[in-house]
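What follows is one structure encoded as structure tokens, with my remarks underneath.
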Amino acid sequence: MFQLSHRNLLHLIASSTLCASSLSVASPLLTLSDNAALYFVGSASVTADSNVAYSNTNELDDVVFDIRPGFELVAGSPDTGASFVLSAAYGLRRYMDYDEFDTELPAIVAEATFKSAKSTTTASASYIETQAENRRGLRGVVLKSAITDLGFSTEYDASAKTSLLGGISYRDTNREEFGSDYTDFSVPVNVYYAATEKLDIGLGYRYRDSSVDGSVFGDRSSHFVNLGLRGELTPKLVADLKVGFQTTDVDRADSVDGLALDAKLTYSASMKSTLDVVLSKDLLVGFGGEVIDNLSVGLVGNYRFSEAFSANAMAVVGTDSYESVSRDDDYRIVQVGLMYSPVYFMSVEAAYMWMDNDSNLAGLDFTKDTLMMSVNLRY
11 MFQLSHRNLL
21 HLIASSTLCA
31 SSLSVASPLL
41 TLSDNAALYF
51 VGSASVTADS
61 NVAYSNTNEL
71 DDVVFDIRPG
81 FELVAGSPDT
91 GASFVLSAAY
101 GLRRYMDYDE
111 FDTELPAIVA
121 EATFKSAKST
131 TTASASYIET
141 QAENRRGLRG
151 VVLKSAITDL
161 GFSTEYDASA
171 KTSLLGGISY
181 RDTNREEFGS
191 DYTDFSVPVN
201 VYYAATEKLD
211 IGLGYRYRDS
221 SVDGSVFGDR
231 SSHFVNLGLR
241 GELTPKLVAD
251 LKVGFQTTDV
261 DRADSVDGLA
271 LDAKLTYSAS
281 MKSTLDVVLS
291 KDLLVGFGGE
301 VIDNLSVGLV
311 GNYRFSEAFS
321 ANAMAVVGTD
331 SYESVSRDDD
341 YRIVQVGLMY
351 SPVYFMSVEA
361 AYMWMDNDSN
371 LAGLDFTKDT
381 LMMSVNLRY
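So the sequence shown is numbered by my numbering: it starts at 11 and just counts up by one.
Printed below as a string of structure tokens:
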């Protein structure tokens with residue numbers, strides 16, 4: 011429900027969502043060939059939200075219902091060296107009291123992977139409409155966004171100890187209520203050398219161009235030169251990190267230079283439990299195009315009690331310093347969740363999240379509690 015990622019700490023919780031592994035062995039709805047199958051995927055959830063519009067004065071509490079039927083097409087296999095996944099879903103979101111926020115949320119995601127003896131290449135494309143997390147947006151607004159992503163990445167083993175990574179990514183975010191567009195174009199390149207059998211060190215560079223239509227803060231382009239490390243530090247500790255210097259040129263404003271960091275450490279305490287530590291320092295783009303210097307740290311823990319029952323927990327602390335305006339936000343997010351899979355094609359999940367934002371500007375503080383229960387199917 012609440013996602014966190016390596017690139018953005020508010021998307022790291024995806025790594026703690028355990029239902030995917032338990033449902034991946036589901037029998038298909040329709041077998042098309044030896045290497046292709048069609049699955050029905052769907053979910054239904056109910057969420058009690060204490061502050062649906064992220065307000066600090068007029069908090070709107072409501073109960074939200076989501077139904078999301080869809081399908082997933084899976085083709086290819088390791089034997090063929092190619093695989094393809096296409097998923098599509100249509101979400102219906104309904105608010106019990108504030109029906110002016112009711113909406114439909116279609117999504118389509120495609121990814122293809124090609125492997126050879128020396129290379130792995132991935133191409134992806136997606137279109138997702140979402141009422142996403144709005145902590146940096148306008149208070150009192152339930153924001154709907156349409157996000158288009160395109161990506162291409164490849165890793166090539168140039169020699170027994172040297173590998174080259176490169177890619178291109180493009181994201182367009184359209185905020186429908188305000189008719190504004192945010193675009194982000196990024197080109198990362200990394201060279202890794204096998205220092206040991208299980209640990210690589212490397213050098214990297216990333217060019218990124220970002221813009222927001224109508225923003226008074228201007229477009230920006232950044233250059234990030236970094237040192238990289240990936241692989242096993244110990245048999246139980248795996249690292250994937252990039253740290254270096256980033257310079258960002260902003261139209262109609264001063265350039266911003268300094269440390270940038272993208273790091274993830276995964277500790278596998280046992281066959282049943284893992285702990286992820288994620289650190290990020292980067293320049294982000296605000297709702298109105300502001301330049302935000304973000305520093306965040308997150309912890310995600312997973313524990314599997316049995317094949318059918320598992321739990322996860324997450325804690326995030328971070329700071330947003332707005333370079334062009336006198337605004338600083340400190341935020342905290344805590345989430346705990348439980349999941350039960352009574353049969354191979356179904357999971358039942360419950361999660362609680364607490365979010366708190368403390369700003370030096372009046373009217374931007376808020377707290378938010380959500381409690382969600384969902385049923386997920388893949389058949």
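In this text, a Cβ means the ideal position worked out from N, Cα and C, and glycines have one as well.
Values in this document were obtained by computation on a predicted structure and should not be read as measured data.
Suppose the cutoff is 7 Å on Cβ atoms and the five residues either side in sequence are ignored; what does the same chain contact list for Asp223 look like?
Ser190, Asp191
Here's a check: name, in chain order, each residue in its chain whose Cβ is nearer than 6 Å to the Cβ of Asp159, leaving out the five neighbours to either side.
Cβ neighbours of Asp159 beyond the five flanking positions: Ser136, Arg181.
Check the C-beta distance from Gly176 over to Ser225 and give it rounded, since I have them as a contact under 8 Å.
Under the criterion of beta carbons closer than 8 Å, Gly176 and Ser225 do not qualify as touching, at roughly 30 Å.
Taking contact to mean at least 3 C-beta pairs separated by less than 8 Å, is the segment 44-54 in contact with the segment 366-380?
The answer is no - the segment 366-380 does not touch the segment 44-54, with fewer than three Cβ pairs under 8 Å.
Any beta strand (DSSP E) of 3 or more consecutive residues that is wholly inside the segment 207-258
209-222, 230-244
DSSP-derived helix/strand/coil call for Phe10:
Nothing about residue 10 can be read from this structure; the chain reaches only from 11 to 389.
If you draw a straight line from the C-alpha of Arg185 to the C-alpha of Arg78, how long is it?
When rounded, the distance between both Cα atoms is 22 Å.
Would you decide whether Val310 is buried or exposed? Buried here means 16 or more other CB atoms lie within 10 Å of its CB.
buried
Cβ neighbours of Gly347 in the same chain (closer than 6 Å, five flanking residues each side left out):
Asn322, Ala361
Whether or not the segment 59-72 and the segment 83-101 are in contact is what I'm after, with contact meaning three or more pairs of Cβ atoms, one per stretch, closer than 8 Å; do they touch?
no
Tell whether a beta-carbon distance below 8 Å holds between Pro116 and Glu139.
yes
Per DSSP, which one or two residues make a beta bridge with Ser65?
None, per the DSSP bridge assignment.
Sort Ala325, Val62, Glu121, Leu153 by Cα distance to Met106 and report the nearest one.
Val62
Between the beta-carbon of Trp364 and the beta-carbon of Asp340, is there less than 8 Å?
no
By the 10 Å Cβ neighbour count, where 16 or more other Cβ atoms means buried, how is Tyr64 classified, buried or exposed?
Tyr64 should be labelled buried.
Apply the 10 Å Cβ neighbour rule to Leu247 and answer buried if 16 or more other Cβ atoms are within range, or exposed otherwise.
exposed
Does DSSP put Asp339 in a helix, in a strand, or in coil?
strand
Output needed for Lys171: all residues of its chain with C-beta closer than 7 Å, excluding positions within five of it in sequence on either side, in chain order.
Tyr203, Ala204
Neighbourhood of Phe319 by C-beta distance below 7 Å, restricted to the same chain and skipping five residues each side
Tyr350
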